[in-house]
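Shown next, in structure tokens, is the structure this report addresses.
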Amino acid sequence: MFDISPTEWTAIQLSLRVATVATLVATPLGIAVAWLLARRDFWGKSVADALIHLPLVLPPVVTGYLLLLTFGRRGLVGAWLADHLGIVFAFRWTGAALACGIMSFPLLVRPIRLSIEAVDRRLEQAAGALGAEPWRVFLTITFPLALPGVLAGMVLGFAKAIGEFGATITFVSNIPGETQTISSAIYSLIQTPDGDTAALRLVVVSTIIAMSALVASEWFARRATQRLHGN
Amino acid sequence: MLRVDVSKQLGEFSLHATFASEGRVTGLFGASGAGKTSLINMIAGLLRPDRGVIAIDGETLDDTTTNLHVPAHRRRIGYVFQDARLFPHLDVRENLDYGRRMNRLAEDPASRARVTDLLDIGSLLDRRPGRLSGGERQRVALGRALLSQPRLLLLDEPLGSLDEERKVEILPYLVRLRDEAGIPMVYVSHDAGEMRQLVTQVVMLRRGQVIAFGGTEVLPAVVSS
């Protein structure tokens, strides 16, 4: 039962790579977006907010199809990227990372936004009065105080990215060794006769990963509270 | 020399204040809601006047006719808030050092030793703000503002959140600060007794207007209890 086959290992490793890359690339962007939503008022803010949350409510197959239309070989952005920068997303693991990044983005942004909103603006004012330019206020006060929320957002985003299925399989298909993640491997296995045991193994693996992520996220949230109380 | 001539509309409340003070310690005196904090926030650059001029030692910091507004972080004005506002994730030493780092000033152990001595906070350096008493917090906040080498120090009811015992504990430090630090101060309070002990000039505010300006004799007589 616990003999994980090479194909399964490949799927697990690919899932980890896809989710790690998606999270690491999305995090700086997520921090910037969270800060804008938490600290700035601008025209079209509610539209921007809705757009970020769209992947959460759209059927994943729709998001995947939209990605295919946009970032596919003949898509508007995809064709340009392929011709000018040599970056191809369609049917590559990078495409899986893009799909996972977009699908997990709302989950990544939300805890970061909440933790930035929880930072007392009066502390930021005090830092400004002590001579800190706005970007240094962010780096020395806002960011360190919001850090547990940032880590919680990364953990949640990572967990979502690991489990993403619909948008990924629509956009980059289910190619073993290239785009077959844990989820799509399970999907293939349960459609194969005698695939049940293997599917079950991967189910256990993904449950362990998801549980660890939730526990880690909870731990970071507790750290946040402690930090804000200055102990 | 501090020159203020500003107007600001805040909802229903309108603030008009004009005064020029040469004093070592200028007191802004008035009941709560008189506009003291709004006025001091404008001097600090945290609030922008609708109309008017703010200048220190001949340098204009706000002038609405030329659309000039020097942002708070470039004013070199120290601000001690009623609620201390120490950074909770930094220990006392790092809090004290913050202004120096942000202003890119060279390390100055001599002035740090002088300030920690003046305020008796040498024994607190390794603690986090969460482990300080209210009075200790306020002394650290004073030290932090002093060490950013300001040209003017704003104190917004620094004793306001302390009980009587703690006030008596802090007041002597403020007197020492006035006599030894050599930095002009603006001191905000609604306590005439406190004012009398500290300030050299008084700006009396009521409902957003300056109603009196002069020495401590303009303060209302206090009945000691």
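Respectively, the protein sequence lines represent chains A and B.
At position 194 of the first sequence (counting the first as 1) the number is 194 in this note's numbering, and the numbers step up by one without a gap.
At position 62 of the second sequence (counting the first as 1) the number is 62 in this note's numbering, and the numbers step up by one without a gap.
The C-beta atom is built at its ideal place from N, Cα and C for all residues, glycine as well.
Self-check item: Three or more C-beta pairs below 8 Å linking the region 128 to 142 of chain A and the region 193 to 213 of chain A
Solution: The region 128 to 142 of chain A vs the region 193 to 213 of chain A: no contact.
Quiz item: Are three or more beta carbon pairs between the region 157 to 165 of chain A and the region 76 to 93 of chain A nearer than 8 Å?
Solution: By the Cβ criterion, the region 157 to 165 of chain A is not in contact with the region 76 to 93 of chain A, since fewer than three pairs of Cβ atoms, one from each stretch, lie closer than 8 Å.
Quiz item: Quick one: does glycine 237/B have its CB under 8 Å from some CB of chain A?
Solution: Any property of residue 237/B remains undetermined from this structure, which presents chain B solely from 1 to 225.
Quiz item: Which residue's Cα is closest to the Cα of leucine 86/B: Phe171/A, Arg223/A, Thr140/A, Arg92/A?
Solution: Closest by alpha carbon: Thr140/A.
Quiz item: Is the CB of proline 55/A under 8 Å away from at least one CB in chain B?
Solution: Not a single CB atom of chain B sits nearer than 8 Å to the CB of proline 55/A.
Exercise. Express the C-alpha separation of tyrosine 79/B and arginine 223/A in angstroms, rounding to a whole number.
Key: Going from the Cα of arginine 223/A to the Cα of tyrosine 79/B covers about 30 Å.
Quiz prompt | With 16 other Cβ atoms within 10 Å as the buried cut-off, status of leucine 214/A | solution = Exposed.
Quiz item: Whose C-beta lies closer than 8 Å to the C-beta of leucine 202/A among residues of the same chain, with five residues either side of it excluded?
Solution: So the qualifying residues of the chain are Glu8, Ala11, Ile12, Ile182, Ala185, Ile186, Leu189.
Exercise. Using 10 angstroms around the beta-carbon of asparagine 67/B, count the other beta-carbons present and answer buried if the total reaches 16, otherwise exposed.
Key: With fewer than 16 other beta carbons inside 10 angstroms of its own, asparagine 67/B counts as exposed.
Practice problem: Please decide whether serine 111/B counts as near chain A, where near means a Cβ-Cβ distance under 8 Å. | Solution: Closer than 8 Å: no.
Exercise. Answer with yes or no whether the minimum CB distance from serine 225/B to chain A is below 8 Å.
Key: Bear in mind that the predicted position of serine 225/B carries a pLDDT of just 45, short of 50, making it unreliable; the figure below should be weighed with that in mind. Judged by the 8 Å Cβ criterion, serine 225/B is not in contact with chain A.
Practice problem: Would you mind reading off the limits of the beta strand (DSSP E) that contains serine 189/B? | Solution: Taken as a continuous stretch (DSSP letters only), the beta strand (DSSP E) holding serine 189/B covers 185 to 189.
Exercise. Keeping to the same chain, check which residues put their C-beta closer than 7 Å to that of glycine 163/A; ignore five residues upstream and five downstream.
Key: Setting aside the 5 residues that flank it on each side, glycine 163/A is surrounded in the same chain by Ser183, Ser206, Ala210, each with a C-beta closer than 7 Å to its C-beta; the list follows chain order.
Quiz item: Is it true that the CB of phenylalanine 13/B sits closer than 8 Å to the CB of valine 203/B?
Solution: At the C-beta level, valine 203/B and phenylalanine 13/B stay beyond 8 Å of one another.
Practice problem: Quickly, what does DSSP pair threonine 207/A with across the bridge? List them, please. | Solution: Paired residue(s): none; threonine 207/A is not in a bridge.
Practice problem: Note down the Cα distance separating threonine 179/A from serine 38/B, rounded to an integer number of angstroms. | Solution: Annotation: threonine 179/A to serine 38/B spans about 60 Å, alpha carbon to alpha carbon.
Quiz item: Is any heavy atom of the ligand ZN found at a distance shorter than 7 Å from the C-beta of serine 38/B?
Solution: Absence of the ligand ZN from the depicted structure is noted, as is the absence of any ligand whatsoever, leaving it without description.
Practice problem: Counting only the same chain and skipping the five closest in sequence on each side, list residues whose C-beta sits under 6 Å from that of alanine 90/A. | Solution: Sequence-distant Cβ neighbours of alanine 90/A in its own chain, meaning closer than 6 Å and more than five residues away, are Gly72, Arg73.
Exercise. Closer than 7 Å by beta-carbon distance: list the chain B residues that pair up with isoleucine 141/A, in chain order.
Key: Taking the beta carbon of isoleucine 141/A as reference, the chain B residues within 7 Å of it are Phe87, listed in sequence order.
Quiz item: Between which two residues does the alpha helix (DSSP H) harbouring arginine 178/B extend?
Solution: If you look at arginine 178/B, you'll find it in the alpha helix (DSSP H) that goes 164 to 180.
Quiz item: Using a C-beta cutoff of 8 Å, does arginine 48/B count as contacting chain A?
Solution: No, its Cβ sits nowhere closer than 8 Å to a Cβ of chain A.
Practice problem: Would you mind sorting alanine 96/A into buried or exposed? The rule is 16 or more other CB atoms within 10 Å of its CB. | Solution: Its Cβ being crowded by 16 or more others within 10 Å, alanine 96/A is buried.
Quiz item: Assuming valine 25/B contacts tyrosine 187/B under a Cβ cut-off of 8 Å, what Cβ separation, rounded to an integer in Å, is found between them?
Solution: A Cβ-Cβ distance of about 6 Å is found for the pair valine 25/B and tyrosine 187/B, placing them in contact under the 8 Å criterion.
Practice problem: Label aspartate 156/B either buried or exposed according to how many other C-beta atoms from any shown protein chain fall within 10 Å of its C-beta, with 16 as the threshold for buried. | Solution: Classification of aspartate 156/B: buried, given that the 10 Å Cβ count is 16 or more.
Quiz item: Under a Cβ-count criterion, where at least 16 other Cβ atoms within 10 Å of its own Cβ denotes burial, should glycine 149/A be classed as buried or exposed?
Solution: Buried, by the Cβ-count rule.
Practice problem: For chain B, find out if any of its Cβ atoms is closer than 8 Å to the Cβ of proline 148/A; answer yes or no. | Solution: By this cut-off, proline 148/A is not an interface position.
Practice problem: Select from the region 98 to 132 of chain A all residues with a C-beta closer than 9 Å to any C-beta belonging to chain B, and list them in chain order. | Solution: So the list reads Asp120, Arg122, Leu123, Gln125, Ala126, Ala127, Gly128, Ala129, Leu130, Gly131, Ala132, given in the order they occur along the chain.
Quiz prompt | Residues of the region 32 to 45 of chain B with Cβ closer than 7 Å to any Cβ of chain A, in chain order | solution = The region 32 to 45 of chain B vs chain A, Cβ under 7 Å: Ala44.
Quiz item: Should the region 153 to 168 of chain B be called in touch with the region 104 to 121 of chain B, which here means at least 3 C-beta pairs below 8 Å?
Solution: No, they do not touch.
Quiz item: Are any of the Cβ atoms in chain A nearer than 8 Å to that of aspartate 76/B?
Solution: Here residue 76/B turns out to be arginine, not aspartate, going by the sequence shown. Using a CB distance cut-off of 8 Å, arginine 76/B counts as an interface residue toward chain A.
Quiz item: Ordered along the chain, which non-local residues of its own chain (more than five positions away) have a Cβ less than 6 Å from that of leucine 108/A?
Solution: Once the five neighbours on either side are set aside, the close Cβ partners of leucine 108/A are Ala26, Gly30, Gly153, Gly157.
Exercise. Find the nearest neighbour of arginine 3/B within the set Asp57/B, Leu96/B, Gly11/B, judged by alpha-carbon distance.
Key: Of the listed residues, the one whose Cα sits closest to arginine 3/B is Asp57/B.
Practice problem: Under 8 Å Cβ to Cβ from arginine 206/B, same chain only, skipping five residues before and after it: list those, please. | Solution: Same-chain partners within the cutoff: Gly30, Ala31, Ala34.
Quiz item: How would you list, in chain order, the residues of chain B whose beta-carbon sits under 7 Å from the beta-carbon of proline 232/A?
Solution: It is not possible to answer for residue 232/A, since the shown part of chain A is limited to 1 through 231.
Quiz item: Within 8 Å (strictly less), CB to CB, does serine 148/B reach chain A?
Solution: Chain A, which has a Cβ nearer than 8 Å to the Cβ of serine 148/B, makes this yes.
Quiz item: Is any beta-carbon of chain A found at less than 8 Å from that of phenylalanine 81/B?
Solution: At least one chain A Cβ lies under 8 Å of phenylalanine 81/B.
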